[in-house]
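Read left to right, the sequence shown gives residues 1 to 380 (the UniProt record's numbering).
Below you'll find the structure, written out as structure tokens, and then a few comments.
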Amino acid sequence: MTLAPTLYDELVQVFSNVAQFEVRPEEGYQILAEALMQFIQSDRIPEMTEAQLKPYLSAYLAEVRARRINPYAPPPPTPALDGLSSVVNWVKLEKKPPPETLFGWQADQREDKSLIDQLIQQTNLYATSKSFTDLLAFVARMRGFAPFNAMLLHAQKPGITHAATASDWLARFNRRPKQDARPLIVMQAMGPVGFVFDVLDTEGAPLPPEAFAFPTFGDLSLARWHEMLTAVSRAKIEILWVDKGDGAAGSMTRREMVVKGKARAHWTVRVNQNHDPQTQFVTLAHELAHMFLGHLGGDDNPSIKARRGLGHDLQEVEAETVAWVVAHRNGLKPKSEAYLDRYKAAFKGLEVFTILRAANAVETAMGISAAQLAKAGQAK
1 MTLAPTLYDE LVQVFSNVAQ FEVRPEEGYQ ILAEALMQFI QSDRIPEMTE
51 AQLKPYLSAY LAEVRARRIN PYAPPPPTPA LDGLSSVVNW VKLEKKPPPE
101 TLFGWQADQR EDKSLIDQLI QQTNLYATSK SFTDLLAFVA RMRGFAPFNA
151 MLLHAQKPGI THAATASDWL ARFNRRPKQD ARPLIVMQAM GPVGFVFDVL
201 DTEGAPLPPE AFAFPTFGDL SLARWHEMLT AVSRAKIEIL WVDKGDGAAG
251 SMTRREMVVK GKARAHWTVR VNQNHDPQTQ FVTLAHELAH MFLGHLGGDD
301 NPSIKARRGL GHDLQEVEAE TVAWVVAHRN GLKPKSEAYL DRYKAAFKGL
351 EVFTILRAAN AVETAMGISA AQLAKAGQAK
């Protein structure tokens with residue numbers, strides 16, 4: 001089959017973007033080829049069949065093996081395409097995404113937030129207290145995904161128990177997506193979307209008992225707790241230990257400081273030194289949530305947007321809900337129900353997007369986000 005040069009050039013861009021979304025460079029050629037085969041079998045290019053795409057993919061992979069194409073290099077700017085516009089709009093990076101901040105949030109979340117809020121409002125996905133509680137419990141169980149991505153998986157397939165990319169299924173478990181498997185969409189740091197597959201949509205070797213096991217801190221050791229405190233300090237958040245009675249857990253304060261002629265926010269969290277590490281963990285998560293939710297004002301760090309004026313009750317419900325999610329995802333069981341009962345009238349003002357983004361930021365600041373734990377596990 002003779003390849004059309006213009007079409008091939010367009011598909012090179014598409015294949016390279018898929019590679020960047022689905023495969024890590026260190027995973028090698030075989031995983032790359034598997035991921036791209038899954039892509040052309042997924043009907044994501046409605047204008048072309050798998051049979052029509054295969055020669056172009058073969059040519060692309062041959063050039064990758066010959067080192068004439070680097071699939072992980074940033075694509076050059078290209079004009080809008082006509083023939084494959086629906087596909088390119090899906091996989092092409094229209095603009096380089098803003099870099100992730102120290103806390104795992106992207107600098108500009110307004111567009112994402114608007115789209116997710118529309119989805120939730122128009123479908124009434126979490127309009128009842130039970131549906132919202134079920135979502136939080138699901139997010140707590142899906143420890144291998146950031147809280148926000150766990151919500152996206154729940155919205156698409158509530159009963160899912162395990163999910164991974166096609167390349168992860170192959171490399172870690174010698175499994176592959178089934179012929180007609182439909183991928184689930186998640187967000188990822190270096191591109192608009194990624195694709196994962198439910199375990200029930202894969203086939204191959206049996207899963208080992210420890211599959212998808214993540215560390216939890218139900219019996220939080222002092223050594224592990226000190227690692228988290230060190231991570232928070234590295235995030236330029238000051239920790240002060242205070243001698244208080246059992247009824248006082250902690251607080252977060254923000255003050256303006258002038259550094260090199262520029263006003264900057266300085267954050268200080270106070271934690272009751274008389275509590276056990278498990279209680280201190282929940283306190284720290286709660287107070288960090290106030291910070292990332294913008295309850296105390298903004299920051300020169302674009303992750304923290306000012307959200308003052310919500311009212312004390314709603315602020316406490318938001319912060320404790322974040323703390324509940326973070327604690328349960330790490331094997332701890334805070335007494336949040338009794339605390340939240342004081343503010344139950346404020347629950348109707350909760351925003352799912354805001355809560356789960358803040359939970360991810362808190363985990364990242366404490367050094368226990370899904371991505372950080374996975375990276376630490378790979379380094380061992």
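Glycine is no exception: its CB is placed at the ideal position from the N, C-alpha and C atoms.
Item, Value
"Between the CA atoms of Q278 and K335 - distance to the nearest angstrom", "11 Å"
"Contacting residues, own chain, Cβ-Cβ under 8 Å from residue 401 (five flanking each side not counted)", "The chain is shown from 1 up to 380; residue 401 falls before or after that span and cannot be answered."
"Closest residue to S131 among N360, V352 and A358 (Cα-Cα distance)", "V352"
"DSSP bridge partner residues for F195 (one or two, in chain order)", "I185"
"DSSP three-state assignment for G250, whether helix, strand or coil", "strand"
"8 Å CB neighbourhood of K54 in its chain, flanking five on each side removed", "I40"
"Cα-Cα separation between L200 and A235, rounded to whole angstroms", "39 Å"
"Beta-carbon gap between A370 and F145 smaller than 7 Å", "yes"
"Backbone CA spacing between R178 and F195 [nearest angstrom]", "First, the amino acid is wrong: residue 178 is Lys here, not Arg. The straight-line gap from Cα to Cα measures roughly 14 Å."
"At least three beta-carbon pairs within less than 8 Å, the region 216 to 232 to the region 240 to 251", "no"
"Whole-Å CB distance - G204 paired with R224, under 8 Å assumed", "Contact flag wrong, Cβ pair sits at about 34 Å."
"Where the beta strand (DSSP E) through E363 begins and ends", "Where E363 is concerned, there is no enclosing beta strand (DSSP E), although the alpha helix (DSSP H) it sits in stretches over V352 to A365."
"Beta-carbon separation (whole angstroms), A285 vs A323, contact threshold 8 Å", "4 Å"
"CB contact below 7 Å: R176 versus chain D", "Although the question refers to chain D, the structure presented lacks it and comprises just one protein chain."
"Residues that W324 bridges to, as DSSP identifies them", "In the DSSP output, where bridge partners are listed per residue, W324 has none listed."
"Nonlocal neighbours in the same chain, by C-beta distance under 6 Å from A66, ignoring five residues either side", "none"
"Beta-carbon proximity check, L3 vs L36, cutoff 7 Å", "no"
"Minimum C-alpha distance to M151 - residue among F292, L184, L332 and R308", "L184"
"I304, enclosing beta strand (DSSP E) - first and last residue", "Segment: none, I304 is in no beta strand (DSSP E) and carries neither H nor E."
"Nonlocal neighbours in the same chain, by C-beta distance under 6 Å from V193, ignoring five residues either side", "I185"
"Delimiting residues of the beta strand (DSSP E) encompassing R175", "R175 to P177"
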